[in-house]
Amino acid sequence: GESVGLHLPTLSVQEGDNSIINCAYSNSASDYFIWYKQESGKGPQFIIDIRSNMDKRQGQRVTVLLNKTVKHLSLQIAATQPGDSAVYFCAEMNNFNKFYFGSGTKLNVKP
Amino acid sequence: EADIYQTPRYLVIGTGKKITLECSQTMGHDKMYWYQQDPGMELHLIHYSYGVNSTEKGDLSSESTVSRIRTEHFPLTLESARPSHTSQYLCASTEYNEQFFGPGTRLTVL
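Chains as they are written, first to last, in this note's numbering: chain A, 115 to 225; chain B, 857 to 966.
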């Protein structure tokens, strides 16, 4: 099956700084990628997605970048806030609507 | 906010017990999923369904079973729980490509 992995298990940033969370994937045939945020005691929550025919997509304070050449995905959070503290997962979806998740990066925002 | 519910939220049971974890969604989604997640780890797909009377096993071997008799309901059953089943179980449904997750059931088998 597909393999989706994250480069850093824990990331600590200062409030107001920008955060960058990275992810590598292995299936070059995947055409849809998603970032999720999971707070303690809750299920994952959709943040932003991107299709394989795009390199960049922006949302509110978040940007996802996709580099298909090296099979790398990143999530950028601008002006990180304490409420952004959570575990972040990347996931890829194959053409059977099955989702494969990475192991998660814990983001700690220091006040 | 997605309308997907899981009960119970927490469950502690003894080895050998039969349990059913409930999952319901009121959004009319056809596709539903069960994931197993250990703390801080990735989600592993254990079952999924594309609609009523459709169930498939996921990539992670699981001793659980599921049923999909109604669109809104996707229960997961463990016939004989073991300590190795201790984990968090997350249910999700999908509309187009967006997955909505329930709050999860944290299961502890003693």
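Beta carbons are placed, not taken as given, at the ideal position from N, Cα and C, and that holds for glycine.
Y904, Y906, G914, D915: these are the residues of the region 902 to 915 of chain B whose beta carbon lies less than 8 Å from some beta carbon of chain A, given in chain order. Under the three-state reduction of DSSP output, G155/A falls in the coil class, being neither helix nor strand.
The DSSP-derived three-state label of G216/A is coil. G216/A has a beta carbon lying within less than 7 Å of a beta carbon in chain B. In this structure, G173/A lies away from V201/A, with their beta-carbon atoms at least 7 Å apart. Secondary structure note for K182/A: it is in no beta strand (DSSP E), with a DSSP letter that is neither H nor E.
Interface residue (Cβ-Cβ distance to chain A less than 7 Å): E954/B is classified as such. Against chain A, the CB of M897/B has a partner CB under 7 Å away; the residue lies at that interface.
Looking at P225/A, D198/A, P123/A, C137/A, the one whose alpha-carbon comes closest to that of L180/A is C137/A.
Within the same chain, Cβ atoms closer than 7 Å to the Cβ of Q195/A are found at E129, V223, the five residues on either side in sequence being excluded.
By the criterion of a C-beta distance shorter than 8 Å, S910/B is surrounded in its chain by R924, once the five residues flanking it on both sides are discounted.
Rounded to the nearest angstrom, the gap between the Cα atoms of Y214/A and G197/A is 26 Å.
Looking at the DSSP output, R865/B bridges to nothing.
Under a criterion of Cβ atoms nearer than 8 Å, the residues of chain A adjacent to G958/B are, in order, G157. In this structure, L901/B lies away from Q893/B, with their beta-carbon atoms at least 7 Å apart. In its chain, beyond the 5 residues on either side, I148, Y150 have a beta carbon closer than 7 Å to the beta carbon of F160/A. For the pair T942/B and T933/B, the CB atoms are not nearer than the 7 Å cut-off. For D169/A, the secondary structure class from DSSP, reduced to helix, strand or coil, is coil. Look at H885/B here: in three-state DSSP terms it is coil, with no helix or strand label. Among the CB atoms of chain B, none fall inside 7 Å of the CB of F210/A.
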